[in-house]
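K.L.:
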Amino acid sequence: MTVGGTLSQAQLGHFSLRGYQDKQALQVYRVKNYGINQRISLSWSSSWSMYPRREITLKRVICLRNIFQGRSEHSSPCGALSYNVCEISKHSKSERRFPGKFMCFLSSKSSNGNWEQSRHLAKLAISLNGQWQDSENRERYGLRFKARADFEADIGADEPDLVPSFKVLPESVGVESVVDKESVWWKNFPKRWVIVLLCFFAFLLCNMDRVNMSIAILPMSTEFNWSPTTVGLVQSSFFWGYLLTQIVGGIWADKVGGKMVLGFGVVWWSIATILTPIAAKVGLPFLLLVRALMGIGEGVAMPAMNNMLSKWIPVKERSRSLALVYSGMYLGSVTGLAFSPILIQRFNWTSVFYSFGSLGAIWFALWQRNAYSSPLDDPELRKEEKELILGKSEPKEPVKSIPWKLLLSKAPVWALIISHFCHNWGTFILLTWMPTYYNQVLKFNLTESGLFCVLPWLTMALCANLGGWIADTLVSRGLSITTVRKVMQSIGFLGPAFFLTQLSHAKSPAMAVLCMTCSQGSDAFSQSGLYCNHQDIGPRYAGVLLGLSNTAGVLAGVFGTAATGYILQHGSWDGVFKVAVGLYLLGTVVWNVFATGERIFD
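Numbering (the UniProt record's numbering) for the sequence shown: 1 to 602.
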């Protein structure tokens, strides 16, 4: 004899319970919870004939407890099950127990159910004959189950003979509603992905505040009568400060945790963004100083983020999480390039800096409330998620000193440094000079330049997440991390090299935009290559490793951005693209020869 049921929560405050016997539905009860913290009851009384002339009505919550308690993370939970059958009369109460077994389905089975988003019930109480037990005697169980959970149980065939013929009164399951605490969906959202999303929005603001100068520089250069060399100087001044805090930010994050460091960075660069128009009107030296100060704030962001995700994200989710965070940078470029021309035309160029800079305050409030540097620091993190993140590894003490000699003696570290330099040369040139290329070469106006600049960055956001999904899928299917990182980074190097070569021969604006878009899209696969590799080879030093490699990347940005202005003043865009292609090819060789995905630092 097989009996079973489905306990589901269709929406907040609504529950349904369905029973079936040998795959045939018996009864369905639906109960609506009319208010927060109001007790509701579910009753399910399913009757069937076990033997001729003997009808027993069973309703036992104990099966639900055994099935769901602590088993929601397993693929096919099963185990022993006991049904309690009670007879209650005015004078006595008798109870018999007979054993069985249960299986709980995580996908569509005989009960046709799927596990969906998890819900939490804080307390479970049993009532008999419609009367709730006293609070001090009430049975309570911590119960965790999915929104739809299906089970079936086999009752031992010989045991019912031991049960006398009597009818069991229907029991009720009392669920104390915890809609305001546990049942709402955002409380069940994985905390590690809350951290990822907060980092995503931090990087969104990061690039919004960075690329707005690429648009605003056009009216600013006209107003202040700047030459191309001066424009290149203004554009590169950001990287002076950005360079200074890469390693410092990594050391700081590895020692005190990423929460403090990333929060500091966002507040710092937001203030500098707001001060930019004032500094520009005071004089060029003040503008260069403020842009450098802004770079100091943004310089700590990547090492701090890398430090946090190395602690919060399991290996099999690493590529996807980093791809999502870095896609925030790309979407920040999309947002900045799309809205900056609108704000400039509707108001003036100063409005871009004031509006974008003020958004940092909103992010910081959310960050302080929800973020923790490590899963070990979060008092509200669920036990199951903490075990998923930490696995069987022992918690390590914060880094007290950096083993510089050891770090710099490893070839994979130098592969990261050189490859990051080669990658960022081309990336930063496109980031800072793309609007100028569209305006001067393709003859787009200010609005068109901003809109067409959106396409490559939007493509990067999509391709980064696609690459992250592909990389994690390959790792989960058994492909070595080293192979995955080399394949993804090779796409990130050779793709841009090919399309920039084609850009030099583009004969129409549409073809030029297409080449630029494809170049940036293939570039985004690097997020699942070298940008994940710091956590692969040394998760404990992830912050300082990224600080090291990104220092080289920033140097590429400083020299590349300034050199582009010089090349354009004495040559053409063809020369700019050839230098970038050469560095992409160099990076491909170095990466595939020396990089590894294996951990080399404890």
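Just so it is clear, CB atoms sit at the ideal spot from N, CA and C, and this is done for glycine as well.
Less than 8 Å between the beta carbons of S340 and V352, yes or no?
P.N.:
Going by C-beta atoms, S340 is nearer than 8 Å to V352.
K.L.:
Is Y372 helix, strand or coil when you go by DSSP?
P.N.:
Note: Y372 maps to coil in three-state DSSP.
K.L.:
For a test of your reading of the model: does the CB of F444 fall under 7 Å from any non-hydrogen atom of the ligand PLP? Yes or no.
P.N.:
Ligands in the displayed structure: none, and consequently the ligand PLP is not present.
K.L.:
Hey, would you say S236 sits closer than 8 Å to A562, going by beta carbons?
P.N.:
Cβ distance < 8 Å, so S236 and A562 count as in contact.
K.L.:
As an exercise, report each continuous alpha helix (DSSP H) stretch of at least 4 residues that is fully enclosed by the region 313-394, in chain order.
P.N.:
Those alpha helix (DSSP H) runs which fall completely within the region 313-394 and span 4+ residues are 318-346, 349-370 and 383-390.
K.L.:
Does DSSP classify K507 as helix, strand or coil?
P.N.:
Of the three classes helix, strand and coil, the one that applies to K507 here is coil, per DSSP.
K.L.:
Since G241 contacts G328 with CB under 8 Å, what's their CB separation in whole angstroms?
P.N.:
About 21 Å separates the two Cβ atoms, so there is no contact after all.
K.L.:
Among G538, L366 and I481, which one has its Cα closest to the Cα of G597?
P.N.:
Of the listed residues, the one whose Cα sits closest to G597 is I481.
K.L.:
What's the call for P285, buried or exposed, on a 16-neighbour Cβ count within 10 Å?
P.N.:
P285 should be labelled exposed.
K.L.:
Whose C-beta lies closer than 7 Å to the C-beta of S355 among residues of the same chain, with five residues either side of it excluded?
P.N.:
Once the five neighbours on either side are set aside, the close Cβ partners of S355 are L343.
K.L.:
Within its chain, find whatever has a CB closer than 7 Å to the CB of residue 609; leave out the 5 residues flanking it on each side and keep chain order.
P.N.:
This structure leaves residue 609 out entirely; the chain is present only between 1 and 602.
K.L.:
Any contact between the region 273-280 and the region 565-577? By contact I mean 3 or more CB pairs, one from each, below 8 Å.
P.N.:
Too few Cβ pairs lie closer than 8 Å, so no.
K.L.:
Looking at C-alpha atoms only, which residue of F525, F421 and A510 is the closest neighbour of D472?
P.N.:
If we check each option's Cα against that of D472, F525 comes out closest.
K.L.:
When you compare the CB positions of R599 and G538, do they come within less than 8 Å of one another, or not?
P.N.:
Contact: yes.
K.L.:
Rank G391, I402 and R485 by C-alpha distance to the C-alpha of V544 and give the top, closest one.
P.N.:
That would be I402, whose Cα lies nearest to the Cα of V544.
K.L.:
Whole angstroms is fine: what's the gap from E73's alpha carbon to E385's?
P.N.:
Low local confidence applies: a pLDDT of 36 at E73 is under 50, so the model's placement there is unreliable, with the coordinate-based value given in what follows. Rounded to whole angstroms, E73 to E385 spans 9 Å at the Cα level.
K.L.:
Between G265 and G295, which are expected to be in contact by the criterion C-beta below 8 Å, what is the C-beta distance as a whole number of angstroms?
P.N.:
The Cβ separation is near 11 Å, so there is no contact.
K.L.:
Span of the alpha helix (DSSP H) holding K259?
P.N.:
Taken as a continuous stretch (DSSP letters only), the alpha helix (DSSP H) holding K259 covers G258 to V282.
K.L.:
Along the alpha helix (DSSP H) that carries V579, what are the first and last residues, could you check?
P.N.:
Looking at the DSSP string, the run of the alpha helix (DSSP H) that includes V579 is W573 to F594.
K.L.:
Could you tell me whether the region 580-591 touches the region 493-500, using the rule of 3 or more Cβ pairs below 8 Å?
P.N.:
Output reads yes: the region 493-500 touches the region 580-591.
K.L.:
With distance defined between alpha-carbon atoms, name the residue in D378, S374, T350 and G467 nearest to I217.
P.N.:
Of D378, S374, T350 and G467, the residue nearest in Cα terms is T350.
K.L.:
Expressed to the nearest angstrom, what Euclidean distance is found between the alpha-carbon atoms of G571 and V194?
P.N.:
Going by the C-alpha atoms only, they are around 48 Å apart.
K.L.:
When the Cα atoms are used, what is the spatial distance from A464 to Q527?
P.N.:
Looking at the two C-alpha atoms, the distance is approximately 6 Å.
K.L.:
DSSP three-state call for W226: helix, strand or coil?
P.N.:
DSSP places W226 in coil when its eight states are reduced to three.
K.L.:
In the DSSP assignment, find the alpha helix (DSSP H) that holds P412 and state where it starts and stops.
P.N.:
Residues A411 to Q440.
K.L.:
Which runs of the alpha helix (DSSP H) at least 4 residues long sit entirely within the region 442-481? Give them in chain order.
P.N.:
As far as the region 442-481 is concerned, its whole alpha helix (DSSP H) runs of at least 4 residues are 446-476.
K.L.:
Is A461 near L331, with beta carbons less than 8 Å apart?
P.N.:
Closer than 8 Å, so yes.
K.L.:
By alpha-carbon positions, which one of L243, S549, R320 and L205 ends up nearest to V196?
P.N.:
Answer by Cα proximity: R320.
K.L.:
For L124, does the three-state DSSP call read helix, strand or coil?
P.N.:
Only weak support is given to the placement of L124: the predicted model assigns it a pLDDT of 36, under 50, and the value that follows is read from those uncertain coordinates. In the structure shown, L124 sits in a strand (DSSP, three-state: E or B).
K.L.:
Which class does E298 belong to by DSSP, given the choice of helix, strand or coil?
P.N.:
If DSSP states are grouped into helix, strand and coil, E298 belongs with the helices.
K.L.:
Taking the Cβ atom as the reference point for each residue, do N307 and D377 lie within a distance shorter than 8 Å?
P.N.:
No; because the gap between Cβ atoms is not below 8 Å, this pair is not in contact.
K.L.:
What residue does the alpha helix (DSSP H) around F559 start on, and which one ends it?
P.N.:
Per DSSP, F559 belongs to the alpha helix (DSSP H) from A542 to H570.
K.L.:
Could you pull out every residue in the same chain whose Cβ sits closer than 7 Å to the Cβ of S374, ignoring the five residues on either side in sequence?
P.N.:
Cβ within range, chain order: G257 and K311.
K.L.:
By how many angstroms is the C-alpha of S476 removed from the C-alpha of F594?
P.N.:
Rounded to whole angstroms, F594 to S476 spans 24 Å at the Cα level.
K.L.:
Quick check: what's the CA-CA separation for G587 versus A280?
P.N.:
Each residue's alpha carbon lies about 37 Å from the other.
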